[in-house]
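Below: one structure, written as structure tokens.
2 protein chains.
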Amino acid sequence: MTQDTHISLAHGNGGYFMRELIETIFAQQFANSNLDIERDAAMLSWPYGELVITTDGFTVQPLEFPGGNIGSLAVHGTVNDLAVSGAIPCYFTLNVFVEEGFEIALLKRLMASLAEAAQKCQVAIVAGDTKVLPRGQVSGLYLATTGVGYRTNTSPLNVRQIKAGDVIVVSGSVGDHGIAVMLAREQFGLRGSLRSDAASVLPLTQALLPYGDRVRVMRDPTRGGVATVLHDYVRATGLTLRIRQSELPINGEVQVVCDMLGYDPLYLACEGRVVAVVAPDIATAVLETWRALPEGSHAALIGTVCEQHPPRVILETELGGERLLEELEDDPLPRIC
Amino acid sequence: MTQDTHISLAHGNGGYFMRELIETIFAQQFANSNLDIERDAAMLSWPYGELVITTDGFTVQPLEFPGGNIGSLAVHGTVNDLAVSGAIPCYFTLNVFVEEGFEIALLKRLMASLAEAAQKCQVAIVAGDTKVLPRGQVSGLYLATTGVGYRTNTSPLNVRQIKAGDVIVVSGSVGDHGIAVMLAREQFGLRGSLRSDAASVLPLTQALLPYGDRVRVMRDPTRGGVATVLHDYVRATGLTLRIRQSELPINGEVQVVCDMLGYDPLYLACEGRVVAVVAPDIATAVLETWRALPEGSHAALIGTVCEQHPPRVILETELGGERLLEELEDDPLPRIC
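The listed protein sequences derive, respectively, from chains A and B.
For the first sequence, our numbering gives the first residue as 3, with consecutive numbering after it.
For the second sequence, our numbering gives the first residue as 3, with consecutive numbering after it.
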């Protein structure tokens, strides 16, 4: 940022440059005791009780893809940020930025999908705003949703609770959303039957709340993928994470596309997965709890936390070697948002 | 809408087409007991107490104009929707949609202005999201803010409380924001010294709460201007509003530009005004209360509610005639959002 004078696409990819942008502009300007850029949602004191609030913008292209569309995504993305914060989503607001000339039947279909997802997640859209932009000033349709929820538990769910020896659990296969959206673009002459993992993770997160503070933290890996969540954990704790490549649940089709195009599934976006860090004594129980749910049937214990210095994310490869998982910097990935 | 197949700019102007779009797509799809499209903010039951929540998108061009910029506007617009609902704004979320190539120094300046406005309004930005869009897919910078507040009073502030005999009060000159933004574009070879009225109306709204339910309803006239707010009142009540042109506070510069270009100030956006409907016995007191505040020094009693049929908005002209104020349909106005 010290050198950058203009916004680049790398400022939006979820990695290093984006974090720098957020830290040097937004977090600095808006500093207040309730703003914590390490969290997916803000925990707010309220005259009575506690509010949890989060917001997300949605710019996916194409607007419809196997397994979802920008409407359902606008619900699941924000539901999930509340869910991994231990909250139950309750009320939503919706912002629509739509381009002059946009097909009204398509808008209706996308909003019907948004409404259906909201109903399934038991959230009510209670306020909204629409801006129509002149042709060429917006690429079709962008949405933003803000979600308000409440917490029924008192577990702190804070990245700073992570301890050496803790176990890293992922709730399902990684990178499906990123590759499904890419395939829907029919770029590179590729097509496929892969569906996005986009879905509410609320059943997964609520199932872990009875474990109390032995569930240290949960995050949903979206932009920047699982690797970016792991880097967030390393930065906040000063501990090293060791990930076993052989344990990573990766769909065959995702692996094939990644091999062809040189992508790493660990940096691809998911929209219906959770990465949790849990105490070692409950790791197997958490795995079984998740695997018993339809949303978590492919859950896996993918690694451990240790005291090794300097702190970093190490991938133990299937061939018995080791390599560093770097923080995402430039943008070698399919841009999907 | 029955004929329209694609979005037009008129779907975004705050008038008839926009209302139809909102009614036939959003309100219908998202129908729930907490969604009331006649209100500026939603009143939500909460396990303890009451939440008030609202959201707004900001797409003003140019991004900076005399009296404000998109940053300060993103605070004032949402603060004002909570304020006219009788709420005290508390927590904000922020969505940023920014174009690749956007100047970082300008982003910083706009966010500094947003932060300053938030601090003055005593709201905390507690969550945010940034999307960077490829060059050409967004026109510079769009923002959306969602605001959460609470109500300390129990006044219903509902348009359905309006009764024949009630008095319409406006808190200051109308149309300054619309014309200030238009002049900032230096279109039509016009320039001027006019400043936008963009500001928090919270002092104005809080000052009226002690009057209880004799203040029937308050609204801030933004897109579509004062005329659109008046039409909302007519539609909700089935009563007629008579507006006295001679009482309308209009800045000289606004009137000159309107006369030159054929605009009507009553359809121009304000960003720091309130249109209230109050019981006749408190009208003078409300006027004095507002005029005693710096934000309300040009407040005026501009008209009355009556039982005349069919229900409409009638302008009593300065020449002693009458003309109908139609609902805004097409887009003869400077587009400022």
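Idealized CB from N, CA, C, for every residue including glycine.
*asked:* Please report whether the beta-carbon of Ser195 (chain A) lies at a distance below 8 angstroms from any beta-carbon of chain B.
replied: no
_Assuming Asn82 (chain A) is part of the alpha helix (DSSP H), what are its boundary residues?_
Element bounds for Asn82 (chain A): 72-85.
*Report yes or no: is there a C-beta of chain A within less than 8 angstroms of the C-beta of Thr4 (chain B)?*
A caution first: Thr4 (chain B) carries a pLDDT of 49, below 50, which makes its placement in the model unreliable, though a value can still be read off. Judged by the 8 angstroms Cβ criterion, Thr4 (chain B) is not in contact with chain A.
_Length of the line joining the Cα atoms of Gln68 (chain A) and Ser35 (chain A)_ = Checking the sequence shown, residue 68 (chain A) turns out to be Pro, not Gln. Answer to the nearest angstrom: the Cα atoms are 41 angstroms apart.
*Is the beta carbon of Asp131 (chain A) sitting closer than 8 angstroms to the one on Gly59 (chain B)?*
yes
*Please list the partners that Ser202 (chain B) has in chain C, where partner means a Cβ-to-Cβ separation under 8 angstroms.*
In the displayed structure, chain C is absent; the protein chains listed are A and B.
*Rounded to a whole number of angstroms, what is the C-alpha to C-alpha distance between Tyr18 (chain A) and Glu297 (chain A)?*
30 angstroms
*Nearest neighbour of Leu145 (chain A), chosen from A:Glu188, A:Thr95, A:Lys165, A:Gly191 [CA to CA]*: A:Thr95
*Could you tell me whether the region 80-89 of chain B touches the region 133-151 of chain B, using the rule of 3 or more Cβ pairs below 8 angstroms?*
With the cut-off at 8 angstroms, the region 80-89 of chain B and the region 133-151 of chain B touch.
*asked:* If you measure between the beta carbons of Val86 (chain B) and Asp222 (chain B), is that distance less than 8 angstroms?
replied: yes
*asked:* Quick check: what's the CA-CA separation for Gly191 (chain A) versus Cys272 (chain A)?
replied: Take the alpha-carbon of Gly191 (chain A) and the one of Cys272 (chain A): they are about 23 angstroms apart.
*Mind listing which residues of the region 131-158 of chain B have their C-beta closer than 7 angstroms to chain A's C-betas, in chain order?*
Asp131, Thr132, Lys133, Val134, Leu135, Pro136, Gln139, Val140, Ser141, Tyr144, Ala146, Thr148, Val150, Tyr152
*Does the beta carbon of Ile72 (chain B) come closer than 8 angstroms to any beta carbon on chain A?*
no
*By the criterion of Cβ-Cβ separation under 7 angstroms, what are the contact partners of Ser10 (chain B) in chain A?*
Glu102
_Give me the chain A residues within the contact set of Tyr93 (chain B), using Cβ-Cβ distance strictly less than 8 angstroms, ordered along the chain._
In chain order, Asn36, Ala44, Leu46, Leu53, Ile55 make up the part of chain A whose C-beta sits under 8 angstroms from the C-beta of Tyr93 (chain B).
*7 angstroms Cβ shell around Cys123 (chain B) - same chain, five flanking residues per side excluded*: Val77, Val81, Pro91, Ser202, Leu204
_Minimum length 3: unbroken beta strand (DSSP E) runs contained in the region 217-257 of chain B_ = 217-221, 242-246
*How many Å lie between Tyr50 (chain A) and Tyr152 (chain A) at the Cα?*
Summary for Tyr50 (chain A): the model assigns pLDDT 46, below 50, so the residue's position carries little reliability, and this model does not support an answer.
*Cβ distance (whole Å) where Ala301 (chain A) is taken to contact Val219 (chain A) below 8 angstroms*: Not confirmed; about 16 angstroms, so no contact.
*What is the rounded straight-line gap between the Cα of Leu232 (chain A) and the Cα of Leu243 (chain A)?*
7 angstroms
*Cβ of Gln31 (chain B) less than 8 angstroms from any chain A Cβ?*
yes
*How would you list, in chain order, the residues of chain B whose beta-carbon sits under 8 angstroms from the beta-carbon of Met113 (chain A)?*
Ile27, Phe28, Gln31, Phe32
*Ignore the nearest five residues each way along the sequence and tell me which others in Thr239 (chain B)'s own chain have a CB closer than 6 angstroms to its CB.*
The beta carbon of Thr239 (chain B) lies closer than 6 angstroms to those of Ile164 in the same chain, with the five residues before and after it left out.
*asked:* Along the chain, where does the beta strand (DSSP E) containing Gly149 (chain B) start, and where does it finish?
replied: 143-153
*For Ala200 (chain B), count neighbouring C-beta atoms within 10 Å of its own C-beta (all shown protein chains included) and say buried if the count is 16 or more, exposed if not.*
buried
*Please classify Thr306 (chain A): does DSSP put it in a helix, a strand, or coil?*
strand
*Give me the Cβ distance between Gln139 (chain A) and Ser141 (chain B), rounded to the nearest whole Å; I'm assuming they're in contact under 8 angstroms.*
4 angstroms
*What are the boundary residues of the beta strand (DSSP E) that Phe60 (chain A) is part of?*
52-60
*State yes or no: is the beta carbon of His13 (chain B) nearer than 8 angstroms to at least one beta carbon in chain A?*
Yes, His13 (chain B) lies at the interface with chain A (some Cβ there is under 8 angstroms from its Cβ).
*Can you tell which of A:Ser198, A:Val276, A:Leu327, A:Asp261 has the C-alpha that lies nearest to the C-alpha of Tyr269 (chain A)?*
It is A:Leu327 whose Cα lies nearest to the Cα of Tyr269 (chain A).
*Report yes if the C-beta distance between Leu206 (chain A) and Leu84 (chain A) is below 8 angstroms; otherwise report no.*
Against a cut-off of 8 angstroms, the Cβ pair of Leu84 (chain A) and Leu206 (chain A) comes out as no contact.
_Pairwise C-alpha distance: Thr286 (chain A) and Leu75 (chain A)_ = When rounded, the distance between both Cα atoms is 31 angstroms.
*Please report the Cβ distance between Leu330 (chain B) and Thr224 (chain B), rounded to the nearest whole angstrom; I am assuming they are in contact, meaning their Cβ atoms lie under 8 angstroms.*
Not quite, the Cβ-Cβ distance comes to about 12 angstroms (not below 8 angstroms), so this is no contact.
*asked:* Tell me which residue opens and which closes the alpha helix (DSSP H) that Arg111 (chain B) is part of.
replied: 106-122
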